[in-house]
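Visitor: Top line first, the protein sequences correspond to chains A and B.
Residues in the first sequence are numbered consecutively from 0, following numbering that gives the first Met the number 0.
Residues in the second sequence are numbered consecutively from 0, following numbering that gives the first Met the number 0.
Virtual Cβ for every residue (Gly too), placed ideally from N, Cα, C.
As the structure is a computational prediction, the values presented were derived from the model and not from experiment.
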Amino acid sequence: MNIKASVTGAFLAAVLSTTAFNGAFAADDTIKVGILHSLSGTMAISETTLKDAMLMLIDEQNKKGGLLGKKLEAVVVDPASDWPLFAEKARELVSVDKVSAVFGCWTSVSRKSVLPVFEELNSILFYPVQYEGEESQRNVFYTGAAPNQQAIPAVDYLMANESVERWVLAGTDYVYPRTTNKILEAYLISKGVKPEDIMINYTPFGHSDWQTIVSDIKKFGSAGKKTAVVSTINGDANVPFYKELANQGVKAEDIPVVAFSVGEEELAGLDTTPLVGHLAAWNYFQSVDTPANAEFIKTWKAYTKNDKRVTNDPMEAHYIGFNMWLKAVEKAGTTDTDAVLDAMIGVSVPNLSGGYSTMMPNHHITKPVLIGEIQGDGQFETVWETPGLVVGDEWSDYLPDSKDLISDWRAPMSCGNFNVATGKCGGKGS
Amino acid sequence: MKSSTETPVAHATRQDPSERVMYRILQILFVALCLLISTHVVGLRAADDLGALVDQLGAAKLSEMDERISALAKTGDAKVIPVLEALGEGELYQRKSDGKVFLVKAQGADLLLVDPVTGTEAGQAPKAAMQKVKVNNAVRRAVRSALGGLTLFSDDAGARLKAAQSMLQTPNADALEAIETAIAAEKDATVRRVLDEARAVTLLLSERGDDEKRQAITLLAEGNGRNGLAVLTSALATADASLKPDIEAAIARIEQTQALWSAGQNVWYGLSLGSVLLLAAIGLAITFGVMGIINMAHGEMVMLGAYTTFMVQEVVRNSYPALFDWSLAIALPLAFLVTGAVGFAIERGVIRFLYGRPLETLLATWGLSLILQQSVRSIFGPTNREVGNPSWMSGAFDLGGLTITWNRLWIIVFALAVFAALLFLLKRTSMGLRMRAVTQNRRMASSMGIRTPWVDALTFALGSGIAGMAGVALSQIDNVSPNLGQGYIIDSFMVVVFGGVGNLWGTLVGAFSLGILNKFLEPYAGAVLGKILVLVLIILFIQKKPRGLFALKGRAVEA
């Protein structure tokens, strides 16, 4: 009961954006887990859900008896969608609150801003969101999808099943869409797509006037070849984008849009009837029909006391990451960072889509890739999935400066950017 | 069934010869019975065949669906139409126990089953016992073209139009003769025009002679449609050498007209963006422009207006669904009152203590904006809320080569209406007179007996209320989330400063010229660079004319 009170206390404190009081609730015999998700500002829309999901997972684990005979205690901080503040809050979590691991970040820029902190203080971060790859850090476990676990299979699907020949790569103007589109462009060209059949378009964050771009897409799509849009548009800009698509009558049967950042949560603010058939590529959908997922959804709805709450892919990533961490700590018998880092590699836990996900030596995990079509009720229906699990590839094979790099954090290599051509550790990103 | 028909035969042959007459009668009766049964059986078999075909849909893999759908369409039976429509809508389910396929409707937690062939209800089933027949885009396309063929001769002109359009969008050389028969029978001019175009498009794919193809190319060149362009471009690769110059000329002609139209389209987009800017800025033109308060919480007023719309729609959806199309009309006055009241409270509670201290006002209103955002986040949650478009604000219509979406059109109309109403209020009413008097010369107005603090509060409430009404309109095109206002605050200040502080006409002209400028830059520079260029241009402009487009002259400027 005491723990629950402290969790609620931490939660309340976080909501009020006053994080300094968390320490006051700390009980002595607990293992602390840091939650570093924005609860205010632009990214609150996506990250608040992950904070709730983490609190639920910790709550559930405590009901099962905690970890190593101790209760788990959540420490919630609010970095307020402010990238430098992420680094400050991460430092606070590790050095003031002494948390054993941190679950957090959403945007790549926030992850980049906390990397040096985790390296310096030698702590552990679990990063749950699909990202552009081109990174592998000793203290970070990437439980979201790398480009080869989301973008590449989605493009393959469109080529094989919809025989798409012309591509619009539309994205928000920041690092994830730019890198992903660079990889996709190289990939498409390697598949024989002509450069004039690729249109790349970037828009600012929160772009709300999509009239010109949607009409450009329509125009690009009228060249007599099957056209598809690959969307890396992020966050709030998606709702006006899809509204404009629907209003201008761009139907999925004619020009399908496959999105990498649109999940159940983003569709909740939108009438999806005109969007039926547009696609998304993820490693998990709420509609996945497995007993584990049914149980997860039930617990989530009960925990949030809201029957309409949806689950999404980054939540599953936290579910996997959290369970992996529990298993690794049990295996190591301690929460000591170095021991856990060693124990993590090779840990295998069930995911929600009916298989097992394993932590690979490159700190990325194995996942199935699902392609889903938007349904009228705001859910996705899986229309295709990879036959097996896909291993996350941190250094893309399609970019010239990263194709020779590999990452292996096991001794004796212990290197995040080993260059197989030169045989030396340290290439891009060092 | 067979055994029951055989029994009378067995009995009949065992009849005694002396009862021939009786036997004869029985024989006749039997033949009649046989005839009756056999016709019945044939009828049943047709229904069974259709039923079996429909059931096969349930067992098919996604890749096999195409074949199954064309098999269904080949029957040419009108009963197939609702089945295919349901398949496209994802309303076809297979019963897990026996593999039979049903049309379903949600009924509470259960599904109501309808026999797809006969259309009779076949009881209920829990969701767990049924499995949805999987549909993807390829299946939907197959359904669309199959339906096009089936409904081309329908009695309903709307259905024929839809069929013709689907023929146009997914041309199929096999359907050419059907289209030609349909054209001969078609009376409706609109449907006929689409059919003609569909025929031309289809003809280009067929094996017909060059003369006919040339005619089709001319027709497409006149039509200027994007479908025509797509077909012509792909036909260019495979066409005979003799046809190539014609096709190239047609493509050039279509592209030329489209270039003209696209300039018109840019103006339209610019007007539409301008109307959004105007709506967002017009409240600020009062609080910042007229009163001189740097009001950073302006965006949050817009956001509160949008949330009021959400609340109204929630109530309407749950209690009076029939009124949904009116929800925006109901939300407008409510949003005005809610945000007006909040604005009034802000002015009385905070701003009135800070008159003449612009920096402190800026900080205080910025703090207020954060408080408002976070309270909305705590009450409604951080995720987007769904605000639906009423039917009259959904979709688009074509005007020549322009595509005009209804929601944008109505927002332009609404923005202009708000502007006109505000102008009327300021220039033609005694309330407006007082407002102008107080802002132009406070001390003089006060000595004339005007209660200046009261007028200040009302003016601020008016500006906030108008921002709230803007929120109702913006909820139709943007996210309804706690961050809604942030996206508009910079643009609003930009418009007011550019147009000239204190001048409503300046705001109007400023909003529309920025909108159009932005939309003409966007196709060349891209959305990101376009926005930057606009900002740079404004900075340069302000250097030259610090008071904006329409500067106020006279003593008010000095005050």
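In chain order, what residues of the segment 138-161 of chain A put their CB closer than 7 Å to some CB of chain B?
Guide: Those would be N160 and E161, in chain order.
Visitor: Taking 7 Å as the threshold (C-beta atoms), are G348 of chain B and A569 of chain B in contact?
Guide: Examination of residue 569 of chain B is not possible in this model, given that chain B is present from 0 through 558 alone.
Visitor: What does N311 of chain A touch in chain B if you count any residue whose Cβ is under 7 Å from its own?
Guide: For the purposes of this step, residue 311 of chain A is identified with residue 312 of the first sequence, where counting begins at 1. Those within 7 Å of N311 of chain A in chain B number zero; the least Cβ separation is about 11 Å.
Visitor: Going by the DSSP bridge assignment, what does P125 of chain B pair with across the sheet?
Guide: Position 126 of the second sequence, counting from 1, holds the residue named residue 125 of chain B. B:D109.
Visitor: Can you tell me where the beta strand (DSSP E) with F396 of chain B in it begins and where it stops?
Guide: The residue given as residue 396 of chain B occupies position 397 in the second sequence. It spans A395 to L398 - the beta strand (DSSP E) in which F396 of chain B sits, taken as one unbroken run.
Visitor: To the nearest angstrom, how far is the alpha carbon of C424 of chain A from that of G320 of chain A?
Guide: Position 425 of the first sequence holds residue 424 of chain A. Position 321 of the first sequence holds residue 320 of chain A. Using only the alpha carbons, I get a separation of about 27 Å.
Visitor: Consult DSSP for N478 of chain B and reduce its assignment to one of helix, strand or coil.
Guide: Numbered from 1 along the second sequence, position 479 holds the residue referred to as residue 478 of chain B. If DSSP states are grouped into helix, strand and coil, N478 of chain B belongs with coil.
Visitor: Could you name the residues of chain A that D324 of chain B contacts, counting a contact when the two beta carbons are closer than 9 Å?
Guide: Within the second sequence, the letter at position 325 stands for residue 324 of chain B. The premise fails here: D324 of chain B is roughly 14 Å from chain A at the closest Cβ pair, so nothing lies under 9 Å.
Visitor: Looking at the unbroken alpha helix (DSSP H) that takes in L168 of chain A, where does it start and where does it end?
Guide: For the purposes of this step, residue 168 of chain A is taken as the residue at position 169 of the first sequence. That residue, L168 of chain A, is in no alpha helix (DSSP H); its beta strand (DSSP E) goes R165 to T171.
Visitor: Among the residues of its own chain, which have a CB less than 6 Å from the CB of D337 of chain A, if the five just before and after it don't count?
Guide: Locating residue 337 of chain A in the first sequence gives position 338, counting from the first residue. So the list is empty, once near-sequence residues are dropped.
Visitor: So, using beta-carbon positions, are Y268 of chain B and Q210 of chain A closer together than 7 Å?
Guide: Here residue 268 of chain B refers to the residue found at position 269 when the second sequence is read from its first residue. Here residue 210 of chain A refers to the residue found at position 211 when the first sequence is read from its first residue. Yes.
Visitor: Using a Cβ-Cβ cutoff of 7 Å, what residues of the segment 230-244 of chain A are near chain B? List them in chain order.
Guide: If the cut-off is 7 Å between Cβ atoms, the segment 230-244 of chain A has D235, V238, P239 and K242 near chain B.
Visitor: What residues match up with W383 of chain A in a beta bridge as DSSP calls it?
Guide: As a working note, residue 383 of chain A is residue 384 in the first sequence. According to DSSP, W383 of chain A bridges with A:I370.
Visitor: Once DSSP output is grouped into helix, strand and coil, what is the label at L244 of chain A?
Guide: If you number the first sequence from 1, residue 244 of chain A lands on position 245. Helix, per DSSP.
Visitor: Using alpha carbons as the reference points, say which of A:G332, A:G353 and A:T334 lies closest to T289 of chain A.
Guide: In the first sequence, counting from the first residue as 1, residue 289 of chain A sits at position 290. With distances taken between Cα atoms, T289 of chain A lies closest to A:G353.
Visitor: Closer than 7 Å by C-beta to Y397 of chain A: which residues in its own chain qualify, once you throw out the five before and the five after it? Chain order, please.
Guide: Here residue 397 of chain A is taken as the residue at index 398 of the first sequence, counted from 1. Correct list, in chain order: I182, A185, Y186 and S189.
Visitor: Taking Cβ-Cβ distances shorter than 7 Å, what residues in chain A pair up with R139 of chain B?
Guide: Indexing the second sequence from 1 puts residue 139 of chain B at position 140. E252 and G276, listed in chain order.
Visitor: Whole angstroms is fine: what's the gap from S413 of chain A's alpha carbon to D172 of chain A's?
Guide: To locate residue 413 of chain A, count along the first sequence from 1; it is residue 414. To locate residue 172 of chain A, count along the first sequence from 1; it is residue 173. Roughly 34 Å between the two C-alpha positions.
Visitor: Could you give the uninterrupted runs of the alpha helix (DSSP H) lying entirely in the segment 242-314 of chain A, keeping only those of 4 residues or more?
Guide: The qualifying runs are 263-266 and 290-303.
Visitor: Take the Cβ of L210 of chain B as the centre, count every other Cβ of all protein chains shown within 10 Å, and call the residue buried at 16 or more, exposed below.
Guide: Mapped onto the second sequence, residue 210 of chain B falls at position 211. Sequence check: residue 210 of chain B is Asp here, not Leu. So D210 of chain B ends up on the exposed side.
Visitor: Just verifying my parser: in three-state terms, what is the DSSP assignment at A240 of chain B?
Guide: As a working note, residue 240 of chain B is residue 241 in the second sequence. A240 of chain B: coil per DSSP, three-state reduction.
Visitor: Per the contact definition of three or more C-beta pairs closer than 8 Å, is the segment 441-454 of chain B in contact with the segment 254-265 of chain B?
Guide: The answer is no - the segment 441-454 of chain B does not touch the segment 254-265 of chain B, with fewer than three Cβ pairs under 8 Å.
Visitor: Could you name the residues of chain B that I212 of chain A contacts, counting a contact when the two beta carbons are closer than 9 Å?
Guide: To locate residue 212 of chain A, count along the first sequence from 1; it is residue 213. What I212 of chain A touches in chain B: E521 and A526.
Visitor: Please specify which runs of the beta strand (DSSP E), each continuous and at least 3 residues long, are wholly inside the segment 359-438 of chain B, giving them in chain order.
Guide: Counting whole runs of 3 or more residues, the segment 359-438 of chain B contains the beta strand (DSSP E) stretches 395-398 and 401-404.
Visitor: List, in order along the chain, the chain A residues whose C-beta lies closer than 7 Å to that of T232 of chain B?
Guide: As a first step, residue 232 of chain B must be located in the second sequence, where it is residue number 233. Under the 7 Å cutoff, chain A gives A222 and G223.
Visitor: Thinking C-alpha only, which one of B:V132, B:E206 and B:K104 is nearest T119 of chain B?
Guide: As a working mapping, residue 119 of chain B is identified with position 120 in the second sequence. The shortest C-alpha separation from T119 of chain B is found at B:K104.
Visitor: Tell me the DSSP bridge mates of F287 of chain B?
Guide: The sequence position of residue 287 of chain B within the second sequence is 288, counting from 1. Its beta-bridge partners do not exist; DSSP assigns none.
Visitor: Tell me whether Q372 of chain B is buried or exposed, calling it buried when 16 or more other Cβ atoms sit within 10 Å of its Cβ.
Guide: Locating residue 372 of chain B in the second sequence gives position 373, counting from the first residue. Counting Cβ neighbours within 10 Å, Q372 of chain B comes out buried, since at least 16 surround it.
Visitor: Taking the alpha helix (DSSP H) that E346 of chain B belongs to, which residues open and close that run?
Guide: Residue 346 of chain B sits at position 347 when you count from the first residue of the second sequence. First-last of the alpha helix (DSSP H) with E346 of chain B: S326 to G348.
Visitor: Can you look up A23 of chain A in the DSSP assignment and give me helix, strand or coil?
Guide: Taking the first sequence and counting its residues from 1, one reaches residue 23 of chain A at position 24. A caution first: A23 of chain A carries a pLDDT of 41, below 50, which makes its placement in the model unreliable, though a value can still be read off. Helix, per DSSP.
Visitor: Quick check on T202 of chain A: does DSSP put it in helix, strand or coil?
Guide: Against the first sequence, residue 202 of chain A aligns to sequence position 203. Three-state result, T202 of chain A: strand.
Visitor: Would you kindly check if the distance between the Cβ of V386 of chain B and the Cβ of F309 of chain B is under 7 Å?
Guide: Start at 1 with the first residue of the second sequence, and residue 309 of chain B comes out as number 310. Start at 1 with the first residue of the second sequence, and residue 386 of chain B comes out as number 387. Closer than 7 Å, so yes.
Visitor: Closest Cβ-Cβ distance between V382 of chain A and chain B: below 7 Å?
Guide: To locate residue 382 of chain A, count along the first sequence from 1; it is residue 383. Yes, contact with chain B.
Visitor: Distance, Cα to Cα, D173 of chain B vs G157 of chain B?
Guide: For the purposes of this step, residue 173 of chain B is taken as residue 174 along the second sequence, with counting starting at 1. For the purposes of this step, residue 157 of chain B is taken as residue 158 along the second sequence, with counting starting at 1. Between D173 of chain B and G157 of chain B, the C-alpha separation is close to 23 Å.
Visitor: Run down chain B in chain order and give the residues with a C-beta less than 9 Å from the C-beta of T179 of chain A.
Guide: Sequence index remark: in the first sequence, residue 179 of chain A carries index 180 (1-based). Near T179 of chain A there are no residues of chain B at all, since even the closest Cβ is about 17 Å away, more than 9 Å.
Visitor: By the three-class DSSP mapping on this structure, what secondary structure does E137 of chain A have?
Guide: Residue 137 of chain A sits at position 138 when you count from the first residue of the first sequence. Sequence inspection shows Arg at residue 137 of chain A; the Glu mentioned does not correspond to that position. The answer is coil: DSSP assigns R137 of chain A none of H, G, I, E or B.
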